[in-house]
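First to last, the sequence lines map onto chains A and B.
Numbering follows the working numbering, with no gaps: position 174 of the first sequence is 174.
Count along the second sequence starting at 1, add 1000, and that's the number in the working numbering.
There are 2 protein chains.
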Amino acid sequence: MTLTQEEAFARIRLLRSPNVGPVTFRQLLRRFGSAVAALEALPDMAARGGRRMTVAHPDAIREEIAAVRAAGARYLFHDDTAYPALLREAPSAPPIVTYRGDVALLAEPAVAIVGARNASAAALKLALQFGEALADAGKLVVSGLARGIDGAAHEGALSTGATAAVIAGGIDVVYPPQHADLQERIANEGVLIAEQPPGTEPQARHFPSRNRIIAGLASGTLVVEAAPKSGSLITARLAGEAGREVMAIPGNPLDGRARGCNQLIRDGAVLVQTPDDVIELIEDFTGQPRSTFREERPAFTEFDLAEGAGEHPAEIESLLSSAPVPVDDIVRSSGESPGSVQLALLELELAGRLTRHAGGRVSLNT
Amino acid sequence: MTLTQEEAFARIRLLRSPNVGPVTFRQLLRRFGSAVAALEALPDMAARGGRRMTVAHPDAIREEIAAVRAAGARYLFHDDTAYPALLREAPSAPPIVTYRGDVALLAEPAVAIVGARNASAAALKLALQFGEALADAGKLVVSGLARGIDGAAHEGALSTGATAAVIAGGIDVVYPPQHADLQERIANEGVLIAEQPPGTEPQARHFPSRNRIIAGLASGTLVVEAAPKSGSLITARLAGEAGREVMAIPGNPLDGRARGCNQLIRDGAVLVQTPDDVIELIEDFTGQPRSTFREERPAFTEFDLAEGAGEHPAEIESLLSSAPVPVDDIVRSSGESPGSVQLALLELELAGRLTRHAGGRVSLNT
């Protein structure tokens, strides 16, 4: 579908407005039919939620668009044909990303390769080998451009085929500095993707968000070497939650750096020894992963917003606290229709008084 | 139960007679009620199978018993109270073994630790650590006294607790020579077990047979490091077939010696990193292993022998060839009762013309 320039502009402006995340964005678009209409409704909704809000200023959006152009980048909207189908299915898929390079690569079957920044020499060698062999077999190797495993996987893939790097900062921000050349090569020979607006320096909170895109793009995520509780394990968990294959390369338990991967395998990830193991798994992938690495999450039903205004935000607010609870529970306790509860929650969110958590849970900001 | 001296003697003589294996032994004992009666029937049965046979000479048995005594060893019969219950349940459990040391140890929950003879230093260290920690936690560590992993596991276990070694040769035969001291220590501080008669030098064919006893004694078998197609993997397979836990310590795929264990894990063995992982699995073991490492085998129904003589050995023989087929198939093709087919097969076996294979299959010797 082709957006009018006005609607494309409104979408960017809607997403850059305070308290609008991917879930809110999607709900608003469904409720109002267009970003233009949603933007108009936004201030009133926030007011009903109990606080004033100002939508993003058009000048800021004009500046952003100019910066994206200057960087040789383009926008990709969630309903564009080129937007990767697997990512679109993922929970809280980004409604808009910016990219440099060949967006058509995102239509290829993709494998994420992730792992530690301070990886062992053996693990770096494996990441390089796997990247090379997977790209050679026509798979798109996806990673996060970090030092260590990520970089080795990208390098390996570039030597024989295609790679996609998802970065935590803006499309025009070089990070990490050691990978400045690699980032430029990927933008020219592969595809470079950013969710944050141009000019954004990557911060700690951007990385898990970036990881969900890596996991969402790929049919499966391979962890090469990872410490317990590391970011790579978060990517693996997100892949599992999205119903994708989770794979790990094992290591000797005497080597502390193998613990994360070994634990993943104990928890149901597929043990992988060779690139062929990965290729077989990815080519057989039909949406029913062989990996059983999936954390149980409360079922999450997303309802469309009710028509009209949320009539009871104060009542819904009284059911919330700083402890996250499933929206489904709020609906049950309130006795209201799901659509009007969602609307009231959205109004609280736009007012900056509500936080959304994984698994369709919400909490009140205190 | 206490055997009369005459029956104990007859059992040893029956088992040492030509073409009598564990399955045959059990069938004969059930059919005739005692080894004394089975011995009397044996020559006629073999004759009906088409060839003469001579049962073991009493003098040879007297010599064997004297050798067992001289070695400070004793006999353990499959229906003795001290015979380990788990081993009794295992397929083709040995009807008689000889042992030195403390047979009461075999009543403890047991874990088999097996692996390569030419193991890496890291794997030897792990075997030692696991042996030590498991014995310290009150588990009986079972292994095969081989060089490498076996020896390290025994050594570790002896430092804190109990260990059982199952040897491929006779109870009075030292093998391997490098472990002469260890063998003697285990006989004094643990328990040493042999299936073959005293004086038997271990030969290649004895090792798989020894491995089934190791697997049968233990609630679970842990493979520490093993090459593909090695004896340790046979022990793991036998443990899986007996419905026990199969566990493996992973390793980096770049290290060829890790391939066997990694493949086991891919095939459903539980990945183990620490002795606690093993202890937890063994203490939770209720006969339903968490490991899914089990090869599919044709179902094997063991029937009691029919009364009287096998009436159609020639007819049953015509249904057999040098390719192993399931006994159940022979029963179906023959139109005879299962008991009389078993009897005819037994007669062919005693005549040295039939070989039994795993999974209840039989073939004709050509």
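Glycine included, C-beta positions come from ideal geometry on N, C-alpha and C.
Listed along chain B are Asn1252, Pro1253, Leu1254, each with a C-beta nearer than 9 Å to that of leucine 126 of chain A. Nearest CB-CB separation between valine 55 of chain A and chain B: not below the 9 Å threshold. For isoleucine 1265 of chain B, at least one C-beta of chain A is nearer than 9 Å to its own C-beta. With a cutoff of 9 Å on beta-carbon distance, proline 176 of chain A and alanine 146 of chain A are scored as near each other. Proximity of chain A to threonine 1274 of chain B at the Cβ level (cut-off 8 Å) is accounted for by Pro253, in chain order. The CB of asparagine 262 of chain A comes closer than 7 Å to the CB of Pro1250, Leu1271, Gln1273 in chain B, given here in chain order.
Proximity of arginine 1259 of chain B to chain A, defined by a Cβ-Cβ separation below 9 Å, is satisfied. The alpha-carbon of leucine 1217 of chain B is positioned some 13 Å away from that of valine 1114 of chain B. Aspartate 1284 of chain B and aspartate 136 of chain A have their C-alpha atoms roughly 45 Å apart. One thing to note: threonine 1235 of chain B has its Cβ within 9 Å of the Cβ of alanine 1112 of chain B. Apart from sequence neighbours up to five positions away, the residues of its chain that approach arginine 259 of chain A with a beta-carbon distance below 6 Å are Pro228, ordered along the chain. Using a Cβ distance threshold of 9 Å, aspartate 1255 of chain B and asparagine 262 of chain A do not count as a contacting pair. Distance from the CA atom of serine 232 of chain A to the CA atom of glycine 50 of chain A, rounded to whole angstroms, is 39 Å. Contiguous alpha helix (DSSP H) elements confined to the region 1082-1117 of chain B occur at 1085-1089, taking only those with 4 or more residues. Proximity of chain A to alanine 1116 of chain B at the Cβ level (cut-off 8 Å) is not reached, the minimal Cβ distance being about 14 Å. In this structure, leucine 305 of chain A and leucine 354 of chain A do not form a Cβ contact; the two beta carbons are roughly 14 Å apart against a cut-off of 8 Å.
In the three-state reduction of the DSSP assignment, methionine 53 of chain A falls in the coil class, being assigned neither a helical nor a strand state.
If you check the CB distance, alanine 1038 of chain B and arginine 1257 of chain B do not come in under 9 Å. When C-alpha distances from threonine 24 of chain A are compared across A:Ala351, A:Asn365, A:Thr366, the shortest belongs to A:Ala351. Linking threonine 1163 of chain B to proline 275 of chain A through their CA atoms gives a straight-line distance of about 41 Å. Among the bridge pairs identified by DSSP, alanine 248 of chain A is matched with A:Val223, A:Leu271.
Annotation: the continuous beta strand (DSSP E) that includes alanine 1164 of chain B extends over 1163-1167. In the same chain as arginine 1026 of chain B, and ignoring 5 residues on each side of it, the C-beta atoms closer than 7 Å to its own belong to Pro1095, in chain order. Going by beta carbons, alanine 1060 of chain B and proline 1198 of chain B fall outside the 9 Å limit. Excluding residues up to 5 positions away in sequence, Ala248, Pro250, Leu271 lie with their Cβ nearer than 8 Å to the Cβ of isoleucine 265 of chain A in the same chain. Under the Cβ distance rule, alanine 1038 of chain B does not count among the residues neighbouring chain A, no pair being separated by less than 9 Å.
Taking a cut-off of 8 Å on C-beta distances, the region 312-321 of chain A touches the region 330-343 of chain A, as three or more cross pairs fall below it. Residue pairing for proline 1326 of chain B: DSSP places it in a beta bridge opposite B:Arg1361. For glycine 1220 of chain B, the CB contacts under 8 Å within the same chain, skipping 5 residues up- and downstream, are Val1111, Ala1112, Ala1239, Arg1244, Glu1245, Val1246, Met1247, Val1278, Leu1281, Ile1282, Phe1285, Pro1289, Ser1291 in chain order. Neighbours of alanine 1122 of chain B in chain A, taken as residues at a C-beta separation under 7 Å, are given in chain order as Asn252, Leu254. Beta-bridge pairing by DSSP links leucine 354 of chain A to A:Leu364. Proximity of aspartate 1277 of chain B to chain A, defined by a Cβ-Cβ separation below 9 Å, is satisfied.
Here DSSP, grouped into helix, strand and coil, assigns arginine 74 of chain A to strand. Judged by DSSP secondary structure, alanine 194 of chain A falls within the beta strand (DSSP E) whose first and last residues are 191-194.
Rounded to whole angstroms, the separation of the alpha carbons of glutamate 1040 of chain B and leucine 1014 of chain B is 10 Å.
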